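Chains as they are written, first to last, in our numbering: chain A, 17 to 128; chain B, 292 to 1169.
C-beta atoms are modelled at their ideal positions from N, C-alpha and C, and glycine is treated no differently.
Keep in mind it's a predicted model, so treat the numbers as computed, not measured.
The structure under discussion appears below in the form of structure tokens.
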């Protein structure tokens, strides 16, 4: 099986970029992460992850338009590349496969 | 609406460390988040969070790896360096006045600083060349009264401490006693008085003075042996190969041959021990047996301690030895002199001696030095250097307007700020280097004068010393940075857009420049006041009426002059009509003790004179009468005392009072027959002490004072020399003039005066050339304004006033700081003198006048030139 080279946080960030579609940039991703997973992360952590993902070729980026609310600065908008998409799919397939291989009652029951 | 601002420092920090290609998005994101946070949590908390976020961006990915997205040439690329150099030289060449002011100022400042470093280095290196160095100590003693009050602190010891402490204290491995004396030396038919040092035989194993010839271990073993210095050998024999030859020294009225057993290399100039002739110290056995000799102190004793010895412990052991050994004498003293105090011995490190104020190098040890002198000199040198650096900063910043365009262009074509800083710092290094070279030439020129003033033998060749070279290099670098750093920062910070539009002006009121000018003139005024005060004090000391007439008085030294001989001398000299009178006197002034009013003891200066002494010096006798040949009993029963003596004794009727010399073999009692008017028989740094005159026949004289007619010096001296040499062929002959001797007492004041004057002149000179430069630049900058004013009808005086008042105001402000500081410092200094001038308001007025007029002359000339220019010329440009 091919290894996907993604850390857990990177995976979550990559997924969030996919969730956001067109409007994926630093702050938006941070906010979305917060909303979806309930974990509050620093912008720098997100930026670091985005940067690594881009270096690995899972993300591509372009500069957006300047907006007044950001003091006239442009956003860097991210999109998931084919490799990124492929990696995400691979990960998902691996997980699914693993889940399906677990024998019934092998996991301790979780009470509701 | 102005959006909320995140903390500035955090942004600065981010800009500094963040990679340029990431900066925009990062800043944008942070700003966006910040604005939301402000709305949500308030300003305070948002700012705090912002700071935290920025700091969290200190991660590898965001850190700058490339200074910019465009490639940069390496910082010191040869092409750019060439360009910097070219521009620097062009700039310097184009502004000759500016460059000259900076180079001259800095070179004087650097020269002063380097000279003082040379001086200080020499001072602190004293006596450090001995191999035994850290373990050599000198024995000192202090005398405490019964109540424990310190009465006397002295570095002198007698014959006992050396051998007895050596025997009784195991830590003391050896000792050397050392003293100075004069001996008559016969060379052919000439007799001259020679300074001779006596030391114990192990002198050369304790101190490191290499011998050119002779065995250092045995050179001083024979009592009739002598070790002479290289120079001495050259001078007397014309060669240093003199081992085994002999020299004739007078011993008990007879010239005896001493065999030369060693020739020593020239003593290093930073040595407290400098000898020409060294002889073994001979202590008679009977002297060693006399317990009383514990109280006879007259020489230096040095000891060597074991390397790990505890000085405090050694000292207390020494004192135990002393108390045990001297018990008998201590008891005797207590009985005889009613002496209940005690003596405590201590040790002084040999290397501390040179700069010690309390226990200076004396009694055959030379070059004792006052550390204050080093501090003052360093202070002045620092002043001068600082002022020169201030000039540089002020001029460079003021002149930078002219270079604004160059800076603008450099920035527009991509010059980074660091590059500009390096460029300007480089220029200041070039200037400093030129000043440094010039400074070395200045030192070479100034050294002879400086050596004379500082009583040193310094040479430029000392510069090869590694420490000094390092010091000088550090000085050079510090000076360059000090003078170049601020201008470089200011200049590189110019906004290119403004400079290129040529709408550029130095913003702000330029407080820095102004305060620096004030500082310069504060220092200059301080030194002017100091030199004026020292000058007037010196003047006072040298011109004050001493209470006697010291004009046309020749002194001849003749030790052990007996009554009969004195009579002969007088008779022979009186034959010359140019010689008015002759009076003999004993050698010096020493503190002698006698009982007055029964048991009270008084100490006083004890002078042996004859009846001619007081008239010759024109010292009046206030009460009673002078000694007289008409009263033969005068020489055995009578004394004269001075007014202070009477006052100290508390006598209402001094005539007829009794003075009891109780310590002589059989007590002698004298009656006071007259009171002499107080006169300054010592230097004016001391108060007049009680003084007593006697004619006691058994006291020999030591000096002959000869009063001659004015303007007959040459002839009289010839006659005197001939006569004295005829009468005493086996005695050395030398003469002095009393008034010159009196002035010599104030050598130290004269030195201070000179140094301060030099300092003041240099500081005011450098401050003024700086002011001159500033005035020039300000006139240049305001050329157009002046043109317009003239066209509108302003007068030349009006414009001169306009341009100079600014500077004169600064000079006046400097007085506010300089006057109190100088007043305080000079008051402290004058405290040292019992007879002193008062600091008058005149000194301050004079200082103010000097400073303002010099400043006005400097600035006024430039202003006048600006005011006189034809406005057509100045308005036509542009």
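Could you work out which residues of chain B lie near residue i, taking near to mean beta carbons separated by less than 9 Å?
i, result
"residue 58 of chain A", "343, 344, 347 and 348"
"residue 43 of chain A", "319, 320, 321, 323, 324 and 327"
Interface residues of chain A around residue i at Cβ under 7 Å?
i, result
"residue 326 of chain B", "85"
Looking at residue i: is its Cβ nearer than 7 Å to the Cβ of residue j?
i, j, result
"residue 427 of chain B", "residue 641 of chain B", "yes"
"residue 1135 of chain B", "residue 1098 of chain B", "no"
"residue 418 of chain B", "residue 563 of chain B", "yes"
"residue 951 of chain B", "residue 994 of chain B", "no"
"residue 1141 of chain B", "residue 910 of chain B", "no"
"residue 1063 of chain B", "residue 1149 of chain B", "yes"
"residue 397 of chain B", "residue 726 of chain B", "yes"
"residue 524 of chain B", "residue 568 of chain B", "no"
"residue 990 of chain B", "residue 1138 of chain B", "no"
"residue 1035 of chain B", "residue 1024 of chain B", "no"
"residue 1005 of chain B", "residue 969 of chain B", "no"
"residue 485 of chain B", "residue 477 of chain B", "no"
"residue 91 of chain A", "residue 41 of chain A", "yes"
Anything in chain B within Cβ reach of residue i, meaning under 7 Å, just list it in chain order.
i, result
"residue 40 of chain A", "Per Cβ cutoff of 7 Å: no residues; residue 40 of chain A is ~12 Å from chain B at best."
"residue 91 of chain A", "316 and 319"
"residue 105 of chain A", "Per Cβ cutoff of 7 Å: no residues; residue 105 of chain A is ~27 Å from chain B at best."
Any idea what DSSP makes of residue i, helix, strand or coil?
i, result
"residue 434 of chain B", "strand"
"residue 428 of chain B", "strand"
"residue 500 of chain B", "coil"
"residue 997 of chain B", "strand"
"residue 82 of chain A", "strand"
"residue 58 of chain A", "coil"
"residue 1126 of chain B", "coil"
"residue 798 of chain B", "In this prediction, residue 798 of chain B scores a pLDDT of 49, lower than 50, which makes its location untrustworthy; no coordinate-derived value is stated."
"residue 723 of chain B", "helix"
"residue 558 of chain B", "coil"
"residue 900 of chain B", "strand"
"residue 990 of chain B", "coil"
"residue 633 of chain B", "strand"
"residue 526 of chain B", "helix"
"residue 910 of chain B", "coil"
"residue 1159 of chain B", "helix"
"residue 1012 of chain B", "helix"
"residue 968 of chain B", "coil"
"residue 292 of chain B", "In this prediction, residue 292 of chain B scores a pLDDT of 39, lower than 50, which makes its location untrustworthy; no coordinate-derived value is stated."
Between which two residues does the alpha helix (DSSP H) holding residue i run?
i, result
"residue 873 of chain B", "Per DSSP, residue 873 of chain B belongs to no alpha helix (DSSP H); it is in the beta strand (DSSP E), 870 to 876."
"residue 1061 of chain B", "1038 to 1072"
"residue 1096 of chain B", "1087 to 1121"
"residue 698 of chain B", "662 to 703"
Tell me which residue opens and which closes the beta strand (DSSP E) that residue i is part of.
i, result
"residue 852 of chain B", "844 to 852"
"residue 92 of chain A", "90 to 96"
"residue 949 of chain B", "949 to 952"
"residue 475 of chain B", "463 to 478"
Residues of chain A with CB closer than 8 Å to the CB of residue i, please, in chain order.
i, result
"residue 352 of chain B", "63, 64, 67 and 68"
The ligand HEM and residue i: does any heavy atom of the ligand fall closer than 6 Å to the residue's C-beta?
i, result
"residue 83 of chain A", "This structure lacks the ligand HEM, and indeed carries no ligand of any kind."
Contact between the stretch 429 to 443 of chain B and the stretch 983 to 996 of chain B (3+ Cβ pairs under 8 Å): no
Is the stretch 726 to 740 of chain B touching the stretch 695 to 703 of chain B, taking contact as three or more C-beta pairs under 8 Å? no
Below 8 Å, can you find three or more Cβ-Cβ pairs linking the stretch 339 to 352 of chain B to the stretch 99 to 107 of chain A? no
Does the stretch 823 to 839 of chain B come close enough to the stretch 1033 to 1052 of chain B to have 3 or more Cβ pairs within less than 8 Å? yes
Flag this pair as touching only if the stretch 657 to 669 of chain B and the stretch 370 to 382 of chain B have three or more C-beta atom pairs under 8 Å; answer yes or no. no
Sufficient close CB pairs (3 or more, under 8 Å) joining the stretch 78 to 85 of chain A to the stretch 21 to 31 of chain A: no
Closer than 8 Å is the cut-off here; do at least three beta carbon pairs connect the stretch 612 to 622 of chain B with the stretch 402 to 413 of chain B? no
Decide if the stretch 887 to 897 of chain B is in contact with the stretch 914 to 929 of chain B; the criterion is three or more beta carbon pairs, one per stretch, under 8 Å apart. no
Stretch pair the stretch 31 to 50 of chain A + the stretch 118 to 127 of chain A: three plus CB contacts closer than 8 Å: no
Could you tell me whether the stretch 865 to 874 of chain B touches the stretch 997 to 1004 of chain B, where touching means 3 or more Cβ pairs closer than 8 Å? yes
Could you say if the stretch 846 to 855 of chain B and the stretch 1078 to 1091 of chain B meet the contact criterion of at least three C-beta pairs nearer than 8 Å? no
Is there contact here, the stretch 1064 to 1074 of chain B with the stretch 1113 to 1121 of chain B, by at least three beta-carbon pairs under 8 Å? no
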